[in-house]
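Notes to accompany the following structure.
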Amino acid sequence: MTGAGHGPHAPGEDDGLILRAAAGEQAALVRLMDRHGHGLRLFAARYLGSAADAEDVVQDVFVSVWKHAARFDPGKGRASTWLYRIAANRCVDARRRRSFRAFIGLDDVHDTLADEARQADARVGARQELAIVREGLARLPERQCMALLLRAVAGLDVPGIAEVMGASAGSVEQLLVRGRRTLRARLGTSRDSHGEARGRPT
Amino acid sequence: MTDEELEGLRRRFGADISAWPAPYRQEAEWLLIRADGSADGDEDAQIDRLILRAAQMETDGGELARKVQERLGQGRRRPLRVAAIMPAWRIPAAAASCAAVLVMAGLAGYAIGGAGLGGVDDALLALAAGETPLGVLGVGWPAPEALVGEEGFL
Numbered sequence: 014m015t016g017a018g019h020g021p022h023a024p025g026e027d028d029g030l031i032l033r034a035a036a037g038e039q040a041a042l043v044r045l046m047d048r049h050g051h052g053l054r055l056f057a058a059r060y061l062g063s064a065a066d067a068e069d070v071v072q073d074v075f076v077s078v079w080k081h082a083a084r085f086d087p088g089k090g091r092a093s094t095w096l097y098r099i100a101a102n103r104c105v106d107a108r109r110r111r112s113f114r115a116f117i118g119l120d121d122v123h124d125t126l127a128d129e130a131r132q133a134d135a136r137v138g139a140r141q142e143l144a145i146v147r148e149g150l151a152r153l154p155e156r157q158c159m160a161l162l163l164r165a166v167a168g169l170d171v172p173g174i175a176e177v178m179g180a181s182a183g184s185v186e187q188l189l190v191r192g193r194r195t196l197r198a199r200l201g202t203s204r205d206s207h208g209e210a211r212g213r214p215t
Numbered sequence: 014m015t016d017e018e019l020e021g022l023r024r025r026f027g028a029d030i031s032a033w034p035a036p037y038r039q040e041a042e043w044l045l046i047r048a049d050g051s052a053d054g055d056e057d058a059q060i061d062r063l064i065l066r067a068a069q070m071e072t073d074g075g076e077l078a079r080k081v082q083e084r085l086g087q088g089r090r091r092p093l094r095v096a097a098i099m100p101a102w103r104i105p106a107a108a109a110s111c112a113a114v115l116v117m118a119g120l121a122g123y124a125i126g127g128a129g130l131g132g133v134d135d136a137l138l139a140l141a142a143g144e145t146p147l148g149v150l151g152v153g154w155p156a157p158e159a160l161v162g163e164e165g166f167l
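Same order as they appear, the protein sequences are chains A and B. The first sequence lines up with residues 14 to 215 when you count with our numbering. The second sequence lines up with residues 14 to 167 when you count with our numbering.
This is how it looks when you write it as structure tokens:
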């Protein structure tokens with residue numbers, strides 16, 4: 014699998030789109046939303062545990078891209094890495110705001126997306142391991158969750174994730190190893206318990 | 014992802030899957046790996062695939078574009094902004110001046126009305142002690158002896 018890399022790279026379509034957006038061409042921004050809107054929403058929704066919050070964050074990302082497109086330097090990194098860095102910062106801010114609102118009693122801390130997904134799983138009988146992964150992601154430490162989502166959803170490689178998260182490549186590798194190990198353990202526990210349940214005499 | 018969806022994405026993003034945006038790229042690559050019948054990658058790749066599948070949900074790209082364009086339009090129409098009234102470097106000075114004016118107004122108010130506040134403090138203390146504060150404030154009923162002359166008058 015190829016990951017969106019980091020550092021010097023061949024200019025891709027996204028780089029050109031951001032440069033055109035910097036020149037005031039709104040069609041280029043629309044094309045950028047068409048290419049990356051879906052991925053950014055999946056990333057934000059799973060990190061924040063709320064589709065509505067994710068919607069706001071992704072809108073903010075593209076408004077910010079429109080305003081600051083001139084700051085993008087294709088020589089420093091890929092356009093996708095830049096987009097996900099803006100999204101990651103907005104997500105961290107949104108999570109902080111939500112924690113503060115919960116602290117002063119204005120909001121409940123509630124993973125609405127997990128609830129919706131749980132209901133959907135029950136409705137269509139989706140595989141239980143996806144539900145376990147969703148639960149597992151929601152319970153992971155924030156940085157592990159972010160690193161895993163940037164790897165799996167955004168398709169970034171380790172240097173790209175490090176750039177987005179403002180961390181070293183070594184610490185990103187640690188986050189990925191720990192996060193995957195925790196999810197694997199959850200899946201393994203669930204498989205064991207199901208195996209026992211199936212093997213139990215009735 | 015189905016074969017029809019893959020064809021739709023080819024028309025949308027071009028034939029070169031490696032140039033597709035995430036997460037379409039990973040999904041297409043996994044579909045092709047499955048179609049080849051080759052190994053499903055290492056354990057890490059399997060977990061990553063599960064995470065991506067767990068993150069999947071319906072999204073409406075057209076609505077996102079419409080809302081973002083609406084917001085950009087609102088930004089252009091915004092008629093009055095602080096930055097338009099004064100340069101950015103003056104904003105901290107203006108805020109500090111407003112704060113100073115408020116503090117000065119408070120101090121002046123206390124200096125002028127402060128002499129009369131002792132009675133209010135006494136009334137509050139009297140209330141706290143369970144007594145009537147009216148006598149303390151000097152607004153109680155007149156003493157009976159003060160009315161004697163008036164009775165005579167009536």
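We put the beta carbon where it would ideally sit given N, CA and C, even for glycine. Being a predicted model, the structure only gives us computed values, none of them experimental.
### Query
Within 10 angstroms of its Cβ, does T202 of chain B collect 16 or more other Cβ (buried), or is it exposed?
For chain B, the structure presents residues 14 to 167; residue 202 of chain B sits outside this window and is missing.
### Query
Rounded to the nearest angstrom, how far is the Cβ of L55 of chain A from that of M70 of chain B, given a contact under 8 Å?
In the first sequence, residue 55 of chain A corresponds to position 42, counting from 1. In the second sequence, residue 70 of chain B corresponds to position 57, counting from 1. Sure, about 7 Å apart at Cβ, within 8 Å.
### Message
Would E186 of chain A and V166 of chain A qualify as a contact pair, given that the criterion is a beta-carbon distance under 9 Å?
### Response
For the purposes of this step, residue 186 of chain A is taken as the residue at position 173 of the first sequence. For the purposes of this step, residue 166 of chain A is taken as the residue at position 153 of the first sequence. The answer is no: Cβ separation not under 9 Å.
### Query
Near G18 of chain A, which residues of its chain fall below 8 Å by C-beta distance, leaving aside the five closest residues on each side in sequence?
Counted from its first residue, the first sequence places residue 18 of chain A at position 5. The predicted model places G18 of chain A with a pLDDT of 46, which falls under 50 and marks its position as unreliable; any figure quoted below should be read in that light. The residues are R91, D170, P172, G173.
### Query
Per the contact definition of three or more C-beta pairs closer than 8 Å, is the segment 62-69 of chain B in contact with the segment 146-153 of chain A?
Contact holds: three or more Cβ-Cβ distances are below 8 Å.
### Under 8 Å from the C-beta of W79 of chain A: neighbouring residues of chain B
If you number the first sequence from 1, residue 79 of chain A lands on position 66. The answer, in chain order, is V81, L85.
### Query
Got a sec, what are the start and stop residues for the alpha helix (DSSP H) R108 of chain A sits in?
Taking the first sequence and counting its residues from 1, the one referred to as residue 108 of chain A is at position 95. It spans 92-116 - the alpha helix (DSSP H) in which R108 of chain A sits, taken as one unbroken run.
### Query
Which word fits C158 of chain A, buried or exposed, when buried means at least 16 other C-beta atoms lie within 10 angstroms of its C-beta?
As a position in the first sequence, residue 158 of chain A is number 145, starting the count at 1. Around the beta carbon of C158 of chain A, 16 or more other beta carbons sit within 10 angstroms, so the residue counts as buried.
### Task
Give me the Cβ distance between L45 of chain A and L30 of chain A, rounded to the nearest whole Å; I'm assuming they're in contact under 8 Å.
Looking up residue 45 of chain A in the first sequence gives position 32. Looking up residue 30 of chain A in the first sequence gives position 17. The Cβ separation is near 5 Å, so the contact holds.
### Task
Since I believe C104 of chain A is in contact with V78 of chain A (beta carbons under 8 Å), could you give me their beta-carbon distance rounded to a whole number of angstroms?
Here residue 78 of chain A corresponds to residue number 65 of the first sequence, with the count starting at 1. Here residue 104 of chain A corresponds to residue number 91 of the first sequence, with the count starting at 1. The beta-carbon separation of V78 of chain A and C104 of chain A, rounded to 15 Å, does not stay under the 8 Å limit for a contact.
#### Entry: When B:V81, B:Q82, B:E42, B:A106 are compared against T15 of chain B, the one with the closest alpha-carbon
Along the second sequence, read from residue 1 onward, the residue named residue 15 of chain B stands at position 2. Minimum Cα distance to T15 of chain B is reached at B:E42.
### Pairwise C-alpha distance: A100 of chain A and S112 of chain A
Taking the first sequence and counting its residues from 1, the one referred to as residue 112 of chain A is at position 99. Taking the first sequence and counting its residues from 1, the one referred to as residue 100 of chain A is at position 87. Between the alpha carbons of S112 of chain A and A100 of chain A lies a gap of roughly 18 Å.
### Message
Between which residues of its own chain and G122 of chain B is the CB-CB distance below 8 Å, once the five residues before and five after are set aside?
### Response
Mapped onto the second sequence, residue 122 of chain B falls at position 109. Closer than 8 Å at the Cβ level, and outside the excluded window around G122 of chain B, lies no residue.
#### Entry: Limits of the alpha helix (DSSP H) - the one that D69 of chain A falls within
Here residue 69 of chain A refers to the residue found at position 56 when the first sequence is read from its first residue. Segment 64-81, the alpha helix (DSSP H) holding D69 of chain A.
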